[in-house]
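Chemist: Per our numbering, the sequence shown runs over residues 39 to 331.
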Amino acid sequence: ATPMALMVGTGRGARLGILIKGPEALETTRTVDTVVLDKTGTVTTGKMTLLEVHSAASADEREVLRLAGAVEHMSEHPVARAVAAGAAERVGPLPAPQEFTNLAGLGVRGVVDGHAVLVGRVRLLNESGAALPKELERARAAAEAAGRTAVTVAWDGEARAVLVVADAVKETSPEAIRGLRALGLSPILLTGDNETVARAVAAEAGIDEVIAEVMPEDKVAVIKRLQAQGRRVAMVGDGVNDAAALAQADLGLAMGTGTDAAIEAGDVTLVRGDLRVAADAIRLSRRTLGTIR
Ligand code: ADP
Ligand code: MG
């Protein structure tokens with residue numbers, strides 16, 4: 039394309055809420071055949087809410103919310119925000135933890151009122167040596183079968199509760215996925231969340247292929263693997279966790295509503311965070327290059 043065509047293309051893009059970093063990004067839109075979509079915050083709203091609290095016999099519900107809420111308050115993860123907000127709503131101001139560690143893709147660990155508290159995936163709990171009692175395991179299984187996220191809580195080495203958090207698929211996601219398919223791209227849902235939850239979300243959004251339980255540092259390896267299979271990969275993401283994968287992808291599209299790390303790593307920014315605009319961006323770029331397919 040001529041420099042003039044590129045300027046016109048990027049100018050129109052800006053008006054549509056699409057920021058394109060350079061001519062190479064435009065060029066790549068011609069060849070991408072696969073689009074990998076991060077789940078939380080990209081296909082779903084990322085605005086989760088705390089729906090249910092299931093406490094073990096050994097734990098008082100208010101204590102569960104106070105301790106779990108205090109540790110999660112230190113994290114920016116959408117699940118953590120839901121737990122902290124839901125806890126504060128139910129029990130009032132939360133104490134400040136004496137210690138805090140973020141465990142990316144797993145949960146959080148902290149010390150509150152002298153208790154060593156763990157909040158996160160059941161895997162985190164199991165690795166610490168705690169096991170979920172039967173009634174909590176049932177609550178966890180039921181939540182996940184419904185496509186919800188079960189957050190486990192333990193302190194002082196004992197499992198204390200399962201919190202159920204839910205996120206909604208964005209109303210616009212099914213249309214966005216149809217738009218990407220219409221451009222010849224095969225969608226894949228990529229998430230650190232478990233297979234059951236991922237399948238439920240994918241079905242609702244109209245995605246058949248799911249790659250679940252991927253640790254944040256392994257998302258980039260998934261992109262490399264797809265590329266090694268000869269696929270040309272576009273990736274759409276919003277989180278700090280997605281930055282390396284966005285950079286590795288042939289075409290990285292960052293949600294403008296997401297983190298700065300993701301925006302910096304991407305080739306294209308979807309300013310309003312509307313997934314439908316991902317298809318618009320690819321269509322506009324191809325058109326700018328005069329290569330509509
Ligand atoms: P995603 O790929 O869905 O954006 P992450 O890779 O950040 O998610 O995390 C994977 C899973 O680990 C989440 O779906 C959630 O179940 C759990 N998790 C991560 N961080 C936290 C946290 N702070 N509190 C509770 N659960 C968490
Ligand atoms: Mg995300």
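Think of the CB as a built atom: it goes at the ideal place given N, C-alpha and C, for glycine as much as any other residue.
Could you spell out the range, first to last residue, of the alpha helix (DSSP H) harbouring residue 147?
Modeler: Run containing residue 147: none in the alpha helix (DSSP H); it sits in the beta strand (DSSP E), 145-150.
Chemist: Does the Cβ of residue 115 lie closer than 8 Å to at least one heavy atom of the ligand ADP?
Modeler: Within the cutoff, so yes.
Chemist: Alpha carbon to alpha carbon, how far is residue 108 from residue 130?
Modeler: Taking the straight line joining both Cα atoms gives about 11 Å.
Chemist: Is residue 228 near the ligand ADP, judged by its Cβ being under 8 Å from some heavy atom?
Modeler: Residue 228 Cβ: within cutoff of the ligand ADP.
Chemist: Straight-line CA distance for residue 325 to residue 145?
Modeler: Whole-angstrom Cα-Cα distance: 44 Å.
Chemist: Buried or exposed for residue 152, please, with buried defined as at least 16 other CB atoms from any protein chain shown within 10 angstroms of its CB.
Modeler: Flag for residue 152 reads exposed.
Chemist: Which one of 171, 137 and 142 has the shortest CA to CA distance from residue 155?
Modeler: Among 171, 137 and 142, the Cα nearest to that of residue 155 is on 137.
Chemist: Shorter than 8 Å, the distance from the beta carbon of residue 273 to the closest heavy atom of the ligand ADP, or not?
Modeler: Answer for residue 273: no, Cβ out of range of the ligand ADP.
Chemist: Do residue 185 and residue 253 have their C-beta atoms closer together than 9 Å?
Modeler: No, they are not a contact pair.
Chemist: Can you tell which of 140, 216, 223 and 96 has the C-alpha that lies nearest to the C-alpha of residue 171?
Modeler: Residue 96 is the option with its Cα nearest to residue 171.
Chemist: List the endpoints of the continuous beta strand (DSSP E) containing residue 290.
Modeler: Segment 289-293, the beta strand (DSSP E) holding residue 290.
Chemist: Are the Cβ atoms of residue 290 and residue 299 separated by less than 9 Å?
Modeler: No.
Chemist: Where does residue 102 fall in DSSP's three states?
Modeler: In this structure, residue 102 counts as helix in the three-state DSSP scheme.
Chemist: One question on the structure: do residue 133 and residue 176 come within less than 9 Å of each other, judged by their Cβ atoms?
Modeler: For residue 133 and residue 176, no; Cβs fall outside 9 Å.
Chemist: What are the residues that DSSP puts in a beta bridge with residue 154?
Modeler: Note: residue 154 sits in a beta bridge opposite 149.
Chemist: Can you tell me whether DSSP reads residue 210 as helix, strand or coil?
Modeler: In the structure shown, residue 210 sits in coil (DSSP, three-state: anything other than H, G, I, E or B).
Chemist: For residue 220, count neighbouring C-beta atoms within 10 Å of its own C-beta (all shown protein chains included) and say buried if the count is 16 or more, exposed if not.
Modeler: Exposed is the call here.
Chemist: Residues in its own chain within less than 8 Å of residue 139 by CB, not counting five upstream and five downstream?
Modeler: Answer for residue 139: 146, 147 and 148, listed in chain order.
Chemist: Helix, strand or coil for residue 182? Go by DSSP, reduced to three states.
Modeler: Residue state, collapsed to three classes: helix.
Chemist: Determine the burial state of residue 85: buried for a count of at least 16 other Cβ atoms within 10 Å of its Cβ, exposed for fewer.
Modeler: Residue 85 should be labelled exposed.
Chemist: Buried or exposed for residue 225, going by 16 or more other Cβ atoms inside 10 Å?
Modeler: Buried, since its Cβ has 16 or more Cβ neighbours within 10 Å.
Chemist: Please go through the same chain and pick out, in chain order, the residues whose beta-carbon is closer than 8 Å to the beta-carbon of residue 187, but skip the five residues on each side of it.
Modeler: Within the same chain, residue 187 has close Cβ partners 86, 117, 181, 202, 203, 204, 205, 231 and 235.
Chemist: Roughly how many whole angstroms lie between the Cα atoms of residue 257 and residue 127?
Modeler: Straight-line Cα distance between these residues: approximately 34 Å.
Chemist: Taking all protein chains shown into account, do 16 or more other C-beta atoms lie within 10 angstroms of the C-beta of residue 368, making it buried, or fewer, making it exposed?
Modeler: With the chain covering 39 to 331 only, the question about residue 368 has no answer from this structure.
Chemist: For the candidate residues 199, 255 and 314, whose alpha-carbon lies nearest to that of residue 213?
Modeler: Residue 213 has its Cα closest to that of 314, out of 199, 255 and 314.
Chemist: With DSSP run on the structure shown, which of helix, strand or coil describes residue 275?
Modeler: It is a strand residue.
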